[in-house]
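Taking my numbering, the leading residue of the sequence shown gets 604, the next gets one more, and so forth.
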Amino acid sequence: AAEGADCIAHGCTGKGNDQVRIEGTALALNPDIKIIAPVREWSMGRDEELVYAKKHGIPVKQTSDKPYSYDDNMWGVTGEGGEIENPALIPPMEKILQITNHPKNAPDREEIIELEFVKGLPVALNGKHKKLTDIILELNKIGGKHGVGIVHLIEDRVVGLKVRGLYEAPAAEIIITAHRDLEKYVSTREENEFKTTIDTKWAYLCYGAKWYEPLFDDLNAFIDKMNQKVTGTVKVRLFKGNCEAVAVETPNTIFEEKLATFMASTAFNQNASAGFIELYTMQMRLAQRAEKTVLLSVGKRTNKVKLLPSIKKLAHLKYKLYATYKTHKFLKKNSIEAILVHKISEAALKPNLLDLLEASRFDMIINIPSGTKAKEKTDGHMIREYAVKRNVPLITSVAVAEQLVGKLYGQSTS
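Rendered as structure tokens:
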């Protein structure tokens, strides 16, 4: 529209993605524009294109000895045709590569480069601030020298065809490698895991010419927000086709050396790990038991009322419920079947709490301390002591019990 054009002509075939990219974008911006695609309309193959070019004096690089088709831009080169098209053949890489050394011919000495990022974008290379385009072009030369960025893969095209392609993108591999490593240092585990999903979807929308798809804008908004903290410098090692981030500095890191070090340190309470492991693996350990048993001793009536929905969920999940006297009485009144467990002081009555504890009969214990009567206090102390010694999951809070049972119930019904 800015040029006043009423048609667009291109030389894409009817088998590739570029026709979709050019025409889809043009039509999204101007539904009335006319498309002229002679190669597609005339159903020309590469052989016919070469004959046509020769006949009309159009200079092309392809020959019968080098029948490869190349597309290139600032980011690199795509090679197709010849042996590349036949997956049973090994492409002669040294014959095909345009801007990249074959790794075996790359220098025998590694090179360390430094990339500086501000809010996710490269702004400096080896300490020198440059425009992004200049950084990309220089990285193509540096990375190409070291054989970095060669990608040889089977491509699933938008039109449904599977095609083998050979790509050379040294700058892209270096920037992505450095950026990804920096991103890990400044983002949480949840952010990094989710970002992988976002990146995959974003890449396909870009590859598939969905640049004006509303979701593309939504993903860009997320990526821009996450990159606000991706600032710092990354050192990257280049050596015979390998590209590896080896050092990172950033003011926004959530990596804490004092916590992570394996040397003696008081910054991280290692003794807390046992309790964390107990809670973290609770559901996994419970899932391994054929018949799951729970001891319920939940103290005052308000606790019983609050936990009633959770106890019903345990019953629904086929947990075998054991309960001390008052808890058992409350459950029976609410039509929940449970086995009465007699207090330790009532040794003559069976089943007795002490016997069951010593026999390791419980897979989980919900014991809410009341801190009132001496018998309950003694029994509660014994219950908690047993749970700690036998490594049995112990819940002493109504809120924690509700949360845990809710997770168990949600996993079972999902």
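Where a beta carbon is used, it is the ideal one built from N, C-alpha and C, also for glycine.
Tell me, to the nearest whole angstrom, how far the beta carbon of residue i is from that of residue j; I am working on the premise that it is less than 8 Å.
i     : j    : result
T896  : Y922 : 7 Å
L957  : I947 : 5 Å
A918  : L924 : 6 Å
L764  : I687 : With 8 Å as the limit, L764 and I687 do not qualify as a contact, their Cβ atoms being about 14 Å apart.
A1004 : I969 : 5 Å
V837  : L785 : 5 Å
I738  : N729 : That pair is no contact at about 10 Å.
R767  : P690 : 6 Å
Which first and last residues belong to the beta strand (DSSP E) in which residue i is found?
i    : result
D674 : 672 to 676
H755 : 753 to 759
V897 : 896 to 900
F720 : 714 to 721
G835 : 835 to 842
A824 : Per DSSP, A824 belongs to no beta strand (DSSP E); it is in the alpha helix (DSSP H), 817 to 829.
V849 : 845 to 852
E683 : 679 to 683
K923 : 923 to 927
P725 : 724 to 728
I611 : 610 to 612
I625 : Note, I625: premise wrong, no beta strand (DSSP E); alpha helix (DSSP H) at 621 to 632.
Within 10 angstroms of its Cβ, does residue i collect 16 or more other Cβ (buried), or is it exposed?
i     : result
E719  : buried
I998  : buried
H984  : exposed
H749  : buried
A863  : Unreliable placement is indicated for A863, whose pLDDT of 48 sits below 50; the coordinate value is still reported in the next sentence. The residue is exposed, with fewer than 16 neighbouring Cβ atoms inside 10 Å.
Q1006 : exposed
F879  : exposed
H732  : exposed
D788  : The sequence shown places Tyr at residue 788, not Asp. Answer is buried; the Cβ neighbour count reaches 16.
S1000 : exposed
G902  : buried
Y815  : exposed
G619  : buried
Y807  : exposed
S790  : buried
G679  : buried
D668  : exposed
P694  : buried
F865  : Unreliable positioning characterises F865 in this predicted model, as indicated by a pLDDT of 49, which lies under 50. The coordinate reading is nonetheless provided below. Classification for F865: exposed.
P996  : buried
K1010 : exposed
K832  : buried
G835  : buried
E777  : Inspection of the sequence shows that residue 777 is occupied by Ile rather than by Glu. Per the 10 Å Cβ criterion, buried.
N743  : buried
Only counting the same chain, and skipping five residues up and downstream in sequence, which positions put a Cβ closer than 7 Å to that of residue i?
i    : result
H801 : The residue asked about is misnamed: residue 801 is Ile in this sequence, not His. Answer for I801: L822, F825, I826, listed in chain order.
E626 : I638
T703 : G747, G750, G752, I753, E771, P773
L735 : L724, P725
E979 : For E979, the pLDDT reaches just 49, beneath the cut-off of 50, and the residue's location in the model is therefore unreliable, although a value from the coordinates is still provided. Excluding sequence neighbours, E979 sits near S973.
N937 : L911
G685 : P670, Y671
D609 : I636, K637
R964 : T896
R993 : S963
K813 : F819
Excluding five sequence neighbours on each side, which residues of the same chain lie with their C-beta closer than 6 Å to the C-beta of residue i?
i    : result
V663 : A656
G682 : Y671, Y673, I699, L769
N795 : K787
T799 : none
L943 : H931
T927 : S900, V944
T666 : none
A990 : I968, L997
F842 : E713
Please return the same chain residues whose Cβ sits closer than 8 Å to the Cβ of residue i, not counting the five positions on each side in sequence.
i    : result
T780 : V839, C846, E847, A848
I611 : I625, E626, A629, I636, K637, I638, I639
Q622 : H613, C615, T616, A640, R643
L740 : M677, A774
K935 : A941
N708 : E697, G750
Following a CB-centred definition, is residue i positioned closer than 6 Å to any heavy atom of the ligand SAM?
i    : result
L952 : This structure simply doesn't include the ligand SAM, nor any ligand for that matter.
Between which two residues does the alpha helix (DSSP H) harbouring residue i extend?
i    : result
A656 : 649 to 658
I699 : 696 to 699
K744 : 735 to 748
K637 : Looking at the DSSP string, K637 is not in any alpha helix (DSSP H); the run it does join, the beta strand (DSSP E), is 637 to 639.
Mind listing, in chain order, the continuous beta strand (DSSP E) runs of no fewer than 3 residues lying wholly within the stretch 761 to 802? 765 to 771
Please give the ranges of any beta strand (DSSP E) in the stretch 932 to 962, keeping only runs that are unbroken, at least 3 residues long and fully inside the region. 942 to 944
Secondary structure, beta strand (DSSP E): runs of 3+ residues fully inside the stretch 962 to 1006: 967 to 970
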